[in-house]
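Okay, so here's the structure we're looking at.
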Amino acid sequence: MPFRLPPLLLAWCKPLVHSLLTLLMVMVVTFALLRALPGGPFDKDKRLPPAVMEQLEAKYHLNAPVWQQLLAYSGNVLRGDLGPSYKYTSRTVQEVMSEALPPTLILGALSLLLGCSAGMSVALLPWLLPARAQQTKAALDTLASTLGLASLSAPSFVVAGSLVLLFALELRWLPAARLTNPMDAILPTLALATVPFGYTVLWVRKALWQQAGQGYLQVKHALGIQANQITLNHQWRNALLPWMSLMGPLAAGLLTGSFAVETIFAIPGVGKLFVLSVIDRDYPVVMGITLLYSVLLIALNLVSESLLRWLDPRLRVEATP
Amino acid sequence: MSSNTLTPVASFTLPLVGLGLILLGTLAGLANGHDPAFINVADPLKPIFSSPYWLGTDDLGRDLWARLAQGGLISLWVGFATALASVVLGGILGIVAARCGGWVDAWVMRGVDVLSSLPSLMLVVLLSVVLGKSLWALVLSITLLSWPDATRVIRAATRQQLIEPYMEAYTALGGGTGRWLSHYWVRNVADVLILATTLTVPRAILAESTLSFLGLGVAPPLSSWGTLASDGWQLVRVAPSLLILPTACIFITLLGFNSIGDWLEARLKR
């Protein structure tokens, strides 16, 4: 009898292998793209003498062929070493990134929490009204989708700019910049929360409507189960599925920061660090942040997949051959 | 999915009217005789509704309406060009992947996965630095960002066509791929193509305006709504209308396109 892996292990191994392959490809593609950038990390306004240039390139192994650099880099990454930063000399990429991470992670997590919970409430509210309030339900439902579309139509810099203009410059209620005390987090969190809010409202609302047309809900009603319980236990639970698969990329994006929002609020976060590093050709930092994003994305996708399996028993059945 | 309830859509008229007004305003601004690049040092920072400049002037005395119109032309052009390019690219790859199947399909979809695993706006930032600041470079880099989604959608729709019963009859009668594409495929997936285009336009405009706001978009002789908003941000304390007007243009345009997309999506549900 040939050896066969247990199905559960197989169900976990396959996405894991796929993810590792994707991660490898991401690394190669980014590495190649970076080396294709015109200009090098040490091209300054004032030209360095050729001897110094040579020494610098030799120090960071930039004179070796690209494939050798890539091999050396991958080896270092496997050992958990992301290399030295070219711009912030004498500091490693880990040090530079770990300084930029806390504000970005805090704002990302807060805005994700705020956006999703607010979006969920707005999408769900019309369905929890008593049956006689049909007109209010229709009005709230239209309002929900209009709000969702509107928040996806406002670029983050537009939202951030308007918030600063209104609350910081006109009303002078909240601070306009930096991130030193809890009050400072309010405006950037609101600015970042529009994207998860919009997606959550639109996707959950659409799925709720799709579920509403399904026969099983009528059976539940016929059985005499309370309307709100049907909405929460069945309609909502099923409507969460498409939203779940969307959350992975969304959360990964939010947790790695937004350049526009971080620039407007003068927050030294990852999004800002990335763009500045691209402009300064600080290859190792760019690579580090790209890898961080990809790892986050893959991990969050795996998490949302397993949550999906937990929510939807049909997927569990299909996973076992 | 058998859903007998049609999902109601958001109020659709108002965003559409707004989009129409923006388009008309852009056309009128192009025709109103003011040169968007004409610097008039005598009239800096005129407020809204001042006599020759209906929407005021910026710090160099340039007519804001003319600048908004020219910027709108650039933003809309980038949006449509990108949408068209990514639907064409996604269409070709989607057809090839669905029709060939096997390892071709697997490789195309793996490429799509890899591109989606790169940080999206970060990728555009990288590419816009690689490709320079020309308008075509901008279109190319935003296309690279948006073709994976188009490919996914079109591949799925094409695969659905391939298993339809008419396909079996068509193949049995000896029909070729070329005729199938031009006679049947186009008509049957037209809704998907239109929807993909409509949804890509606002996303491309969003990406363009964000890039321009960051100073990575269109270069100085040209300007887009994003550049205008970025310029306005510098003067927000002196003349808020310089920030408010371009951002309002961006918002209303995106809302208009998103509402059309939302409406189409609800109506064209297969």
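Protein chains in written order, with our numbering: chain A, -19 to 301; chain B, 920 to 1189.
A virtual CB, placed ideally from N, CA and C, is assigned to each residue, including glycine.
Measuring alpha carbon to alpha carbon, tell me which residue in the options is nearest residue i.
i: A:T84; options: A:L253, A:A119 and A:I205; result: A:L253
i: A:I278; options: B:L1037, B:M1028, B:L933 and B:G1030; result: B:L1037
i: B:A1088; options: B:A1076, B:A1075, B:Y1103 and B:R1074; result: B:Y1103
i: A:S65; options: A:F22, A:G55 and A:L92; result: A:F22
i: B:D977; options: B:L1187, B:D1181, B:L1147 and B:S994; result: B:L1147
i: A:L105; options: A:N208, A:G178, A:K(-6) and A:V73; result: A:N208
i: A:W153; options: A:I247, A:L143 and A:L159; result: A:L143
i: B:L1130; options: B:G1010, B:W1144 and B:A1158; result: B:W1144
i: B:D1007; options: B:G1020, B:W984 and B:T1116; result: Sequence check: residue 1007 of chain B is Val here, not Asp. The residue with the shortest Cα to Cα distance from B:V1007 is B:T1116.
i: B:M1028; options: B:V1072, B:G1180, B:G948 and B:P1121; result: B:V1072
i: A:G307; options: A:A52, A:A165 and A:S225; result: Outside the displayed span of chain A (-19 to 301) sits residue 307 of chain A, for which this structure offers no information.
i: B:G1020; options: B:A1000, B:V1108 and B:A1075; result: B:A1075
i: A:L149; options: B:C1168, B:V1137, B:D1110 and B:A1158; result: B:A1158
i: A:W(-8); options: A:R294, A:R289 and A:P293; result: A:R289
i: B:V1190; options: B:G1010, B:L987 and B:F999; result: In the structure as shown, chain B begins at 920 and stops at 1189. Residue 1190 of chain B is therefore absent and cannot be evaluated.
Note down, in chain order, every chain A residue with its Cβ under 8 Å from the Cβ of residue i.
i: B:I1113; result: Chain A residues near B:I1113: none, gap ~18 Å exceeds 8 Å.
i: B:P1067; result: The premise fails here: B:P1067 is roughly 11 Å from chain A at the closest Cβ pair, so nothing lies under 8 Å.
i: B:L875; result: Nothing can be reported for residue 875 of chain B: it is not among the residues displayed for chain B, which extend from 920 to 1189.
i: B:L982; result: What sits at residue 982 of chain B in the sequence shown is Asp, not Leu. Near B:D982 there are no residues of chain A at all, since even the closest Cβ is about 22 Å away, more than 8 Å.
Spell out whether any CB of chain B is found under 8 Å from the CB atom of residue i.
i: A:I278; result: yes
i: A:V6; result: yes
i: A:V138; result: yes
i: A:T10; result: yes
i: A:I259; result: yes
i: A:V181; result: no
i: A:P301; result: With a pLDDT of only 40 at A:P301, under 50, the local geometry of the prediction cannot be trusted, and no value is derived from it.
i: A:S78; result: no
i: A:A16; result: yes
i: A:V255; result: yes
i: A:L149; result: yes
Whose Cβ in chain B lies nearer than 8 Å to the Cβ of residue i?
i: A:A240; result: T1129, F1132 and L1133
i: A:G141; result: A1148, W1152, V1155, L1162 and T1166
i: A:S306; result: Lying before the first or after the last residue shown, residue 306 of chain A is absent from chain A, which here runs from -19 to 301.
Give me the Cα-Cα distance between residue i and residue j, rounded to the nearest whole angstrom.
i: B:A1004; j: B:G991; result: 20 Å
i: A:L120; j: B:I1163; result: 28 Å
i: A:K200; j: A:I210; result: 7 Å
i: A:G233; j: A:Y273; result: 7 Å
i: A:S284; j: B:A1126; result: 27 Å
i: A:S101; j: B:E1184; result: 23 Å
i: A:V265; j: A:G63; result: 9 Å
i: A:L0; j: B:F1132; result: 35 Å
i: A:T2; j: B:D1032; result: 7 Å
i: B:L1135; j: A:A171; result: 21 Å
i: A:D262; j: A:P45; result: 18 Å
i: B:L1081; j: B:A1016; result: 12 Å
i: B:V1155; j: B:W1099; result: 57 Å
Please decide whether residue i counts as near chain A, where near means a Cβ-Cβ distance under 8 Å.
i: B:I993; result: no
i: B:D977; result: no
i: B:V1044; result: yes
i: B:P1121; result: yes
i: B:P1139; result: no
i: B:D1110; result: no
i: B:V1023; result: no
i: B:L1027; result: Residue 1027 of chain B is actually Val in this sequence, not Leu. B:V1027 does not count as touching chain A.
i: B:V936; result: no
DSSP state of residue i, grouped into three classes?
i: B:D1024; result: helix
i: A:T160; result: coil
i: B:D982; result: strand
i: A:T2; result: helix
i: B:T1146; result: helix
i: A:P229; result: helix
i: B:P1159; result: coil
i: A:P64; result: strand
i: A:T72; result: strand
i: B:T976; result: strand
i: A:E150; result: helix
i: A:Y273; result: helix
i: B:T932; result: helix
i: B:I1169; result: helix
i: B:S1053; result: coil
i: A:Q198; result: helix
So which residues on chain B does residue i lean against when the C-beta distance must stay under 9 Å?
i: A:T84; result: Simply none; closest approach about 13 Å.
Determine the chain B residues that contact residue i at a beta-carbon separation under 7 Å, and present them in chain order.
i: A:P135; result: L1125, S1128, T1129 and I1169
i: A:T2; result: D1032, V1033 and S1036
How would you list, in chain order, the residues of chain A whose beta-carbon sits under 9 Å from the beta-carbon of residue i?
i: B:S1178; result: T126, L129 and S133
Determine whether the Cβ of residue i lies closer than 8 Å to any Cβ atom of chain C.
i: A:V57; result: No chain C is part of this structure, whose protein chains are labelled A and B.
Please compile the residues from chain A whose C-beta is within a distance smaller than 7 Å of the C-beta of residue i.
i: B:V1105; result: None at all; the shortest Cβ gap to chain A is about 27 Å.
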